[in-house]
């Protein structure tokens, strides 16, 4: 036995590692690019022996598989679920909705719960990938607690196919320490990119937001699939390309290091960066842009449906949802949860923007996800 | 047991593996490449040549790959050959094992993590700051083709070093002495004896590096900031983002074809250079 403490306890080390990862490399995009998300999914479905079996077999089974986003759940909350129900949560982390859809279309995922963004819901329903919810099995879900604006994309043909969880926007972040100005529009974003901020701006590697926010430059709809309007957006993207620092959805490291000054940005990233570096501010383009909500869904092919309901209900419980929100930094859109959040989160105008700014925003449309012209524009933009 | 049967048994695992892991996927890719994209993405059976007719839409990706893959291979070779020469013929035998391990050590960490490390080195607060402090201007290094090339050479160098090292290590030293005794200055011995005898290693190393580079997508994405687009990147986008599997399959099949042609031509050239010997040494 030694009385000197010459090492940090394993638990503290893991916590530090986790907080380091949160601030640096683990992003949706990171996983998308590396295929790590897909790889873990393949591995766990191909080799069931690798998945630890819970000793206590509850009535819902010993396992539930969730496909979700990075840094979206506190692992301790999954431990609590396992303790309460006996079902171990197997988490598959993904880089994009498109990647999840690709896996679901290929089949054989073994997923019980899929966290999906609003614009994919109609496709999932149309392809018969997800099922209608039986709300009687979700006592913790209160439809009146979520603004219909956020909840409605989960209702297709009058049936509730998806339960809202976490809402946010896509704007841009700016490091005011490196640039003296206060752009408030997408027009200014693109003009600054080609002028004063040349070489210091990041555009998402993502058709929905890269093309959508270029469309906003001209005042077109964020979701436009009009060939002429898309041509204009392409022209702007190609013109801006030589002035860009990067085309990536993993923009936090470059913003934090100061290499980039401005970037398209999602709410959660803005919250995290602003918390550590107050000079990084978040701006919603006045012309509009994207508002989104994520949803819990249950695939028709889910092997553990009882466990899927149990897990969703467990995470919807307001106190648990508030714990999760403090972990991931997004607003949940659930009024019961808002009331439980600390003041610094409740008062944040990143999480809760002014109503008039919200009114101009649009939910992403399913058609953008399958429009071939948009896919080709992104390819030409990236290879230009 | 008859010898024929024994051989068949010995080869069965490898044959099964190749069938399941190589032949079947390749057949799937070729079949898919004649299909049509479903309304919500994916694959719908059909017979059309549209996907191949549309290949021009990814011409830039092919051009970038076909420029950077050979260039990366040549740079690896130029750096690896002298290093392998030193390790095999000049290094103190007592230190040789240690030095060889040092060449492998980077492989113990994933290329992904190492590429992220290069972001720090080439980023604004890394090398460019040091260069700026020396008063030599403030160059932009990260997210350029240069950064991609640095990442590629760094990542694949050991694959080039080892085959060349092996070829040089088993080289008959008496030939070098004979060359010296017959009056050749050292530089001529290297050019006329050592170099030709290392060609098998050079061929193997170049193939390993070149083939992997043709499919590369990680380094351009991470160190090129998504602005340098390889065929590998086009494939990732086609399969995982726009989910145009048939077009993706056509691009993949074309890449395989291009690779087969290039590699065949290369092997022929090497055979001619090494004087008709076609033994390729792999470690």
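Protein chains in written order, with the working numbering: chain X, 1 to 384; chain A, 385 to 667. The beta-carbon is built from N, C-alpha and C at its ideal position, and this holds for glycine as well.
If you draw a straight line from the Cα of residue 303 of chain X to the Cα of residue 646 of chain A, it comes to about 47 Å.
The beta carbons of residue 310 of chain X and residue 87 of chain X sit about 7 Å from each other, so the pair counts as a contact at 8 Å. Counting only residues of its own chain and dropping the five nearest sequence neighbours on each side, residue 623 of chain A has a CB closer than 7 Å to the CB of 629 and 632.
Judged by beta-carbon spacing, residue 495 of chain A lies beyond the 8 Å limit of residue 483 of chain A, meaning their Cβ atoms are not closer than that value.
In the DSSP assignment, the residues bridged to residue 266 of chain X are X:170.
Chain A has no Cβ within less than 8 Å of the Cβ of residue 267 of chain X.
Boundaries of the beta strand (DSSP E) harbouring residue 92 of chain X: 88–93, taken from the DSSP string. Of all alpha-carbon atoms in A:504, A:425, A:557 and A:642, the one lying nearest the alpha-carbon of residue 627 of chain A is that of A:425. Residue state for residue 334 of chain X is assigned as strand, using DSSP reduced to three classes. With a minimum length of 4 residues, the unbroken runs of alpha helix (DSSP H) contained wholly in the segment 288–347 of chain X fall at 305–316, 318–328, 335–338 and 343–346. Under the 8 Å criterion on CB atoms, residue 211 of chain X is classed as non-interfacial with respect to chain A. For the 8 Å CB-CB criterion, residue 341 of chain X and residue 354 of chain X do not form a contact. Taking a cut-off of 8 Å for Cβ pairs, the segment 454–466 of chain A and the segment 583–591 of chain A touch, as three or more such pairs fall below it. Taking C-alpha positions only, residue 386 of chain A is separated from residue 398 of chain A by approximately 20 Å. Against chain X, a Cβ distance below 7 Å from residue 450 of chain A picks out nothing, because the smallest value is about 13 Å.
If you look at residue 162 of chain X, you'll find it isn't in any alpha helix (DSSP H); DSSP assigns it neither H nor E. When the Cα atoms are used, residue 177 of chain X and residue 578 of chain A turn out to be separated by approximately 58 Å. Our two residues, residue 377 of chain X and residue 611 of chain A, have alpha carbons roughly 14 Å apart in a direct line. For residue 117 of chain X, same chain residues with a beta-carbon under 6 Å away, outside a window of 5 residues either side, are 97, 292 and 294 in chain order.
Proximity of residue 253 of chain X to chain A, defined by a Cβ-Cβ separation below 8 Å, is satisfied.
At a cut-off of 8 Å between C-beta atoms, residue 527 of chain A counts as an interface residue with respect to chain X.
Of the other Cβ atoms in all chains shown, 16 or more fall within 10 Å of the Cβ of residue 296 of chain X; this residue is therefore buried. Between residue 512 of chain A and residue 524 of chain A, the alpha-carbon positions lie close to 7 Å from each other. Between the segment 221–230 of chain X and the segment 355–370 of chain X there are three or more inter-stretch CB-CB distances shorter than 8 Å, so the stretches are counted as touching. X:370 is the residue among X:379, X:370, X:384 and X:382 whose C-alpha sits nearest the C-alpha of residue 119 of chain X. In the three-state DSSP reduction, residue 628 of chain A falls in the strand class (E or B).
Measuring C-alpha to C-alpha distances from residue 150 of chain X to each of X:128, X:264, X:121 and X:226 identifies X:121 as the nearest.
Not one beta carbon of chain A lies nearer than 8 Å to the beta carbon of residue 235 of chain X. Rounded to the nearest whole angstrom, the CA to CA distance from residue 620 of chain A to residue 383 of chain X is 13 Å. Residues of chain X whose Cβ lies closer than 8 Å to the Cβ of residue 611 of chain A are, in chain order, 241, 244, 246, 247 and 382. Contact of residue 301 of chain X with chain A is not assigned, every C-beta pair being separated by 8 Å or more. For residue 505 of chain A, there is no enclosing beta strand (DSSP E); the enclosing alpha helix (DSSP H) has its first and last residue at 495–506. For the set X:215, X:253, X:228 and X:231, the Cα lying nearest the Cα of residue 202 of chain X is the one of X:253. Within 8 Å of the CB of residue 621 of chain A, the CB atoms of chain X belong to 375, 378, 379 and 382, in sequence order along the chain. Within the same chain, and ignoring the five residues on either side of residue 467 of chain A in sequence, the residues whose Cβ sits closer than 7 Å to its Cβ are 545. Excluding the 5 residues flanking it on each side, residue 516 of chain A has same chain C-beta neighbours closer than 6 Å at 522, in chain order.
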